[in-house]
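Notes to accompany the following structure.
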């Protein structure tokens with residue numbers, strides 16, 4: 012009788028931990044996100060040729076999924092992904108993926124761009140060599156530890 016109560020209690024605790032894995036713990040070992048930009052003078056901006064169609068900006072607005080809060084704007088220009096006004100619920104292992112949808116299967120088939128800070132409004136990522144943003148439809152915020160999609164931005168052209 013005691014063994015069955017103990018087993019039930021252990022199972023309940025284990026289930027609770029698994030369901031809240033991305034709920035509030037902060038992983039201090041996450042990859043740091045750094046970015047540097049150099050402002051261009053107006054004369055430099057004006058003398059640059061117009062971008063080719065393959066580097067046209069692609070944008071999307073983040074929205075939360077699965078009961079999570081995610082907000083902000085994503086812009087992909089050439090091989091650079093820039094997030095502005097970004098915020099997300101906290102999670103210990105959040106990463107940004109370029110995907111063809113918002114399911115776990117889509118994330119598995121997508122391209123991992125790197126660790127994402129839930130509380131940093133401006134972030135920048137570089138697309139890996141040979142990856143074309145036009146081949147994908149979404150940017151997904153995913154908790155790799157809990158296998159949970161927090162939110163996504165559908166990319167518009």
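Residue numbers (my numbering): 12 to 168.
By construction, the Cβ of each residue, glycine as well, lies at the ideal position given by its N, Cα and C atoms.
**OP:** Determine the closest residue to residue 95 out of 67, 118, 155, 129, with distance taken between C-alpha atoms.
**Re:** The sequence position of residue 95 within the chain shown is 84, counting from 1. The residue with the shortest Cα to Cα distance from residue 95 is 129.
**OP:** Just confirm the distance between the C-beta atoms of residue 151 and residue 118, as a whole number of angstroms; I'd bet it's less than 8 Å.
**Re:** Here residue 151 is taken as the residue at index 140 of the chain shown, counted from 1. Here residue 118 is taken as the residue at index 107 of the chain shown, counted from 1. That pair is a contact at about 6 Å.
Original post:
How would you label residue 131, buried or exposed, when you count the other beta carbons within 10 angstroms and need 16 or more for buried?
Top reply: Numbered from its first residue, the chain shown carries residue 131 at position 120. Counting Cβ neighbours within 10 Å, residue 131 comes out exposed, since fewer than 16 surround it.
**OP:** With 8 Å as the threshold, decide whether the Cβ of residue 157 is near any Cβ in chain D.
**Re:** The chain labelled as chain D is not found in the depicted structure, where only one protein chain is given.
Subject >> Beta carbon of residue 165 nearer than 8 Å to that of residue 153 >> reply: Residue numbering aside, residue 165 sits at position 154 when the chain shown is read from its first letter. Residue numbering aside, residue 153 sits at position 142 when the chain shown is read from its first letter. No. Outside cutoff.
Subject >> residue 118 - DSSP class collapsed to helix/strand/coil >> reply: The residue labelled residue 118 in the question sits at position 107 within the chain shown. In this structure, residue 118 counts as helix in the three-state DSSP scheme.
**OP:** Rank 69, 105, 85, 67 by C-alpha distance to the C-alpha of residue 79 and give the top, closest one.
**Re:** Here residue 79 corresponds to residue number 68 of the chain shown, with the count starting at 1. Closest by alpha carbon: 105.
Original post:
Does the separation of the CB atoms of residue 127 and residue 158 fall below 8 Å?
Top reply: Here residue 127 refers to the residue found at position 116 of the chain shown. Here residue 158 refers to the residue found at position 147 of the chain shown. Contact flag unset, no.
Original post:
Should residue 113 be labelled buried (16 or more other beta-carbon atoms within 10 Å of its own) or exposed?
Top reply: Taking the chain shown and counting its residues from 1, one reaches residue 113 at position 102. Buried, because 16 or more other Cβ atoms sit within 10 Å of the Cβ of residue 113.
Original post:
If we call anything under 8 Å between Cβ atoms a contact, is residue 92 one with residue 135?
Top reply: Reading the chain shown from its first residue, position 81 is the one you call residue 92. Reading the chain shown from its first residue, position 124 is the one you call residue 135. For residue 92 and residue 135, yes; Cβs fall inside 8 Å.
Original post:
Around the C-beta of residue 139, are 16 or more other C-beta atoms found within 10 angstroms, so that it is buried, or is it exposed?
Top reply: For the purposes of this step, residue 139 is taken as residue 128 along the chain shown, with counting starting at 1. So residue 139 counts as exposed.
Original post:
In this structure, does DSSP put residue 67 in helix, strand or coil?
Top reply: As a first step, residue 67 must be located in the chain shown, where it is residue number 56. Residue 67 falls in the coil class under three-state DSSP.
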